[in-house]
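So the structure is just underneath, and the comments pick up after that.
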Amino acid sequence: SAPEIARKDFDLMRELGINLIRVYHVPPRWLVDLAVEHGLRVMISIPWTQHVEFLKSRSLSRQIIQSVRDAVAAHRGHPALFAYLVGNEIPSVMVRWLGARRVIEFVERLIDEARAVDSRPLYSYAAYPPTEYLIPQNADFLSYNVYLERRTDFERYLARLQNLAEDKPLILGEFGLDTLRNGEDRQGEILDWHVDVVVRGGAAGTIFFSWTDEWYTGGQEITDWKFGLVSAERRPKKAYGVLQHKLAGPD
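Numbers 1 to 251, taken from the working numbering, label the letters of the sequence shown in order.
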């Protein structure tokens, strides 16, 4: 059953040294309860129709606002909740079409609406390099999904993101590598230096994408990539061992 699978996943995560999970939907209550049992905090990325002209229709905008409020209300006050992301990678084409200022203002309104429902968790928006300028002023921290496989490129871009973040904490919302095309050795090598750069660069944290090769989006299973730290059968990959040693800290 799903709870049994999640329990095994959380056991493996704690053995690895993970303390936070990011989920891309509003999880059932049993999952956040289980996270508490395993000492894990949860960051929920609230999904909504960000690939359509969401500011062209007042009724659609109201629906999005209500969906965000409902998502936060579902687990209001739960001790597992670390943060909510009120959006994820609004397409750059959509931002240019609707106007960056209007999009930022809408994201800021979503944060205000969500915080009004539950003021306890932190709130932000998950941006990505093409729209790095989408910075909601009322966010508690900044979050960017970044995939750069060359260390020097990542170091430079992390420094740039820190400048954009100014005095707010910065969390890398996604970082990973596909083992189907790159192999397990390469994944382990890149995640190894990634942790070093994140720590030295003063970021507040990073999220490895993804936990497992078993992945679904839009109700469809994704089979043409394998970003997991473990396989779909939960076999730890080489990166798992690398990160386990890294996250344990100095001997």
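Glycine residues also receive a C-beta, built at the ideal position from the N, C-alpha and C atoms. Since this is a predicted model, take the numbers as computed values, not measurements.
With DSSP run on the structure shown, which of helix, strand or coil describes Gln220? strand
Ile65 lies in the beta strand (DSSP E); which residues open and close that run? Taken as a continuous stretch (DSSP letters only), Ile65 belongs to no beta strand (DSSP E), being part of the alpha helix (DSSP H) at 58-74.
Just reading off the alpha helix (DSSP H) that Ser143 is part of, what are its end residues? Here Ser143 belongs to no alpha helix (DSSP H); instead the beta strand (DSSP E) covers 142-145.
Rounded to the nearest angstrom, what separates Leu85 and Ser124 at their Cα positions? 5 Å
I need the DSSP call for Phe82, collapsed to helix, strand or coil. strand
What's the gap between the Cα of Ala159 and the Cα of Phe175? 16 Å
Proximity winner among Ser45, Ala35, Phe154, Lys56, relative to Ser67 (alpha-carbon distances): Ser45
When Gly201, Thr179, Asp196, Val42 are compared against Pro236, the one with the closest alpha-carbon: Thr179
Between Pro121, Ala139, Ser210, which lies nearest to Arg258 when the distance is taken from Cα to Cα? It is not possible to answer for residue 258, since the shown part of the chain is limited to 1 through 251.
From the DSSP output, which residues share a beta bridge with Val23? Ile44
Between which residues of its own chain and Trp48 is the CB-CB distance below 6 Å, once the five residues before and five after are set aside? Ile64, Ser67
Flag this pair as yes or no: are the beta carbons of Asp33 and Ala2 separated by less than 9 Å? no
Can you grab the Cα-Cα spacing for the pair Tyr24 / Glu214, in whole Å? 14 Å
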